[in-house]
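S.K.: Converting from the sequence shown to our numbering requires adding 1187 to each position, the first position being numbered 1.
Beta carbons: idealized from backbone N, C-alpha and C, even for Gly.
Treat the numbers as computed from the prediction; the structure is a model and nothing was measured.
Sharing a structure here in structure tokens format.
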Amino acid sequence: IAFGVLMPQLQDRFSVKTVAHDYVAAEKDPSRTLYIDKFLRPGFMLYTDIPGIEADAHYIIGPDKILVASTLGKAPEFDGKYLSEIAEMTGTSAIEAYRQLMLKTDIGARGIYFTMYREDALKIARRQDVSVISDSTAMDFITKGVTGVPHPRTANSFVRFLRINREEGLMPLEKAVRKMTGLPASQMQIQGRGLIREGFFADITVFDPETVGDNGTFTTPCVKASGIHTVILNGKTVWENGAPTGVMSGM
């Protein structure tokens, strides 16, 4: 491994259908027809001796550790609900609730999985060869609003790392900043970015190291960060005085 990346949260987010990867691999056909016609058959989900949904979602992860982030507008009553809550709402088992969720969303539901340990995350965070990332889809929640209940890292990943670094004393501030700027630019071979240097693109964030931090939660994820004063992108100010300036100077 040439380098590593860190998401400064203890939860991961991906398609809910990912939990059922063992079934898909066994069928060797990841098509939607397979999922809906075969994979989602009621009887097919009752085998507890086959690795898959029953083992992963119920016994290993647990329905109380799977949070539905978005149903893509197809079942909004389930957005922001744990699988265990959906099972209670629908009067079914967690496995049947999962099946119904997948059918209603055409296997497109997005989930958040509570599977990581804080001690492991902090150990990785201290490494100087590990970059900080958001691993999130770009989302303009300020002017266009939010669909579903996305992962808080959508708006809080980097400021969360700065807050954790301040509270835990992981490393000097300049090294923490490097893990989010110069280090990933170098690892990904992105030319002209990641450093404040003559001839480089002027990407600069001005923040207060004593107050910078995340405010998003799993019920209200897309909340503005604290302590960010100014953001300059490609030499133009795009964020100032707590709000976007309206300038669009991205790549």
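Let me check understanding here. Comparing Cα to Cα, which of H1338, A1372, D1390 lies closest to C1409?
M.R.: H1338
S.K.: Please name the residue, chosen from S1413, E1355, I1415, S1257, that lies closest to R1305 on a Cα-to-Cα basis.
M.R.: Scanning S1413, E1355, I1415, S1257 for the CA closest to the CA of R1305 turns up E1355.
S.K.: What residue range is occupied by the uninterrupted beta strand (DSSP E) comprising F1405?
M.R.: Run containing F1405: none; DSSP gives neither H nor E here.
S.K.: Pick out whichever of S1436, L1360, T1392 has its Cα sitting closest to the Cα of G1429.
M.R.: Put simply, of S1436, L1360, T1392 the residue whose alpha carbon is nearest the alpha carbon of G1429 is T1392.
S.K.: If you measure between the beta carbons of G1403 and A1342, is that distance less than 9 angstroms?
M.R.: Pairing G1403 with A1342 gives a Cβ-Cβ distance under 9 angstroms.
S.K.: Compute the Euclidean distance between the alpha carbons of I1299 and I1415, then round it to the nearest angstrom.
M.R.: 27 angstroms
S.K.: On the three-state DSSP scale, how would you describe G1386?
M.R.: coil
S.K.: On the DSSP letters alone, give me the boundaries of the beta strand (DSSP E) that V1319 sits inside.
M.R.: 1317-1319
S.K.: To the nearest angstrom, how far is the alpha carbon of E1397 from that of L1288?
M.R.: 43 angstroms
S.K.: Using three-state DSSP, classify E1372 as helix, strand or coil.
M.R.: As written in the sequence, residue 1372 is Ala, which differs from the Glu given in the question. Per DSSP, reduced to three states, the secondary structure at A1372 is helical.
S.K.: Give me whichever residues DSSP pairs with E1272 in a beta bridge.
M.R.: Bridge partners of E1272: none, in fact.
S.K.: Under 8 angstroms from any heavy atom of the ligand SAH, does the C-beta of E1283 make it?
M.R.: What this structure holds is no ligand at all, so the ligand SAH is not there to describe.
S.K.: Here's a check: name, in chain order, each residue in its chain whose Cβ is nearer than 7 angstroms to the Cβ of R1277, leaving out the five neighbours to either side.
M.R.: First, the amino acid is wrong: residue 1277 is Thr here, not Arg. Taken in chain order, the residues that qualify are A1284, Q1287.
S.K.: Could you please give me the residues that DSSP links to S1257 through a beta bridge?
M.R.: R1297
S.K.: Pull up the distance between the alpha-carbon of R1314 and that of T1432, whole angstroms please.
M.R.: Their Cα atoms are separated by approximately 36 angstroms.
S.K.: Excluding the 5 residues preceding and the 5 following L1360 in the sequence, name in chain order all residues of the same chain whose CB lies nearer than 6 angstroms to its CB.
M.R.: Excluding five sequence positions before and after L1360, the CB atoms of its chain that fall closer than 6 angstroms to its own CB belong to P1396, given in chain order.
S.K.: Buried or exposed for A1325, going by 16 or more other Cβ atoms inside 10 Å?
M.R.: exposed
S.K.: In three-state DSSP terms, what is G1249?
M.R.: coil
S.K.: Taking 6 angstroms as the limit between beta carbons, can you name the residues of its chain near L1370, skipping five residues before and five after?
M.R.: S1318
S.K.: Have a look at the DSSP bridge pairing and note the partners of A1430.
M.R.: The partner list for A1430 (beta bridge, DSSP) reads E1427.
S.K.: Does the distance from the C-beta atom of V1425 to that of S1413 stay below 9 angstroms?
M.R.: no
S.K.: Just how far apart, CA to CA, sit G1295 and E1385?
M.R.: Distance between the alpha carbons of G1295 and E1385 is about 45 angstroms.
S.K.: Please determine, among Q1376, I1320, G1249, the residue with the shortest C-alpha to C-alpha distance to M1367.
M.R.: I1320
S.K.: Taking all protein chains shown into account, do 16 or more other C-beta atoms lie within 10 angstroms of the C-beta of A1363, making it buried, or fewer, making it exposed?
M.R.: buried
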